[in-house]
């Protein structure tokens with residue numbers, strides 16, 4: 273995927289194909305855990321990268337769950353993680369019918385005891401940028417977390 | 019893999035303590051965890067879920083916890099104990115900590 277505006281290419285890139293099923297979440301989390309390009313960076317940068325990786329694990333996992341629940345992907349879901357000096361991005365590409373999961377409401381359920389309906393809210397709260405594009409026969413959902421001191425509720 | 023272990027049997031009015039297996043409660047295992055908990059618990063009972071071993075909780079895991087609380091009903095109670103900072107942040111962002119009691123240690127949870 274192209275580098276975010278004004279940035280050089282990624283320091284590290286990981287691409288994998290995941291079967292659209294819940295058990296695939298483990299591989300997505302492992303890919304984020306394996307980011308190693310900040311290893312020699314100062315401690316503050318390593319902490320920022322670790323926080324960004326955790327935020328993307330949550331958001332990416334929720335997005336993958338959404339793709340799986342939609343249930344229309346025929347090919348494996350392509351996951352691309354790119355680590356930059358300023359941010360980390362996670363992209364999911366699936367070949368299901370056009371579907372922008374970021375376009376709808378992303379609020380908590382009205383019933384606080386509802387057993388579902390928090391995934392899109394967690395994505396919104398976890399990442400700095402969400403982008404959807406339809407490219408060829410693929411839905412391309414990209415989530416970006418900038419590297420800074422604090423991540424979490426915004 | 020058994021999705022749950024039960025470390026205490028509740029006496030009259032006491033708490034069952036349930037501990038999820040593994041370090042994640044997410045879309046891959048949340049339904050199993052909830053089903054196992056509901057099989058062990060009766061409506062009106064009180065239970066603690068020990069979250070100390072968890073490093074990852076997603077919306078499916080939250081759904082499982084809320085589902086157990088719903089099963090116990092308004093007479094029963096579900097408390098969550100010892101979440102690590104990441105798990106606690108998810109509980110806070112989703113405001114689950116406003117509807118379920120979250121405490122840092124087991125002794126306080128069962129008090």
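Chains as they are written, first to last, in the working numbering: chain A, 273 to 426; chain B, 19 to 129.
All residues carry an ideal CB built from backbone N, CA and C; glycine is no exception.
Note that this is a predicted model, so its numbers are computed, not measured.
{"Asked": "Three CB pairs or more closer than 8 Å across the stretch 369-378 of chain A and the stretch 292-302 of chain A", "Found": "no"}
{"Asked": "Simplified DSSP assignment, three categories, for residue 82 of chain B", "Found": "helix"}
{"Asked": "Rounded straight-line distance, which links the Cα of residue 65 of chain B to that of residue 339 of chain A", "Found": "34 Å"}
{"Asked": "Burial state of residue 384 of chain A, where buried means 16 or more other Cβ atoms lie within 10 Å", "Found": "exposed"}
{"Asked": "Cβ neighbour criterion (16 or more within 10 Å) applied to residue 84 of chain B", "Found": "buried"}
{"Asked": "Below-8 Å beta-carbon distance, residue 39 of chain B vs any chain A residue", "Found": "no"}
{"Asked": "Which residues DSSP lists as bridging residue 57 of chain B, in chain order", "Found": "Answer is none; residue 57 of chain B lacks a bridge partner."}
{"Asked": "Per-residue burial, residue 70 of chain B [other beta carbons within 10 Å of its own, 16 or more giving buried]", "Found": "exposed"}
{"Asked": "C-beta neighbour in chain B for residue 374 of chain A, strict 8 Å", "Found": "no"}
{"Asked": "Contact check, residue 75 of chain B vs residue 96 of chain B, beta carbons under 8 Å", "Found": "no"}
{"Asked": "Three-state secondary structure assigned by DSSP to residue 340 of chain A", "Found": "helix"}
{"Asked": "Pair within 8 Å by beta-carbon distance, residue 101 of chain B and residue 59 of chain B", "Found": "no"}
{"Asked": "Beta bridge counterpart(s) of residue 356 of chain A as assigned by DSSP", "Found": "Note: residue 356 of chain A sits in no beta bridge, so no partner."}
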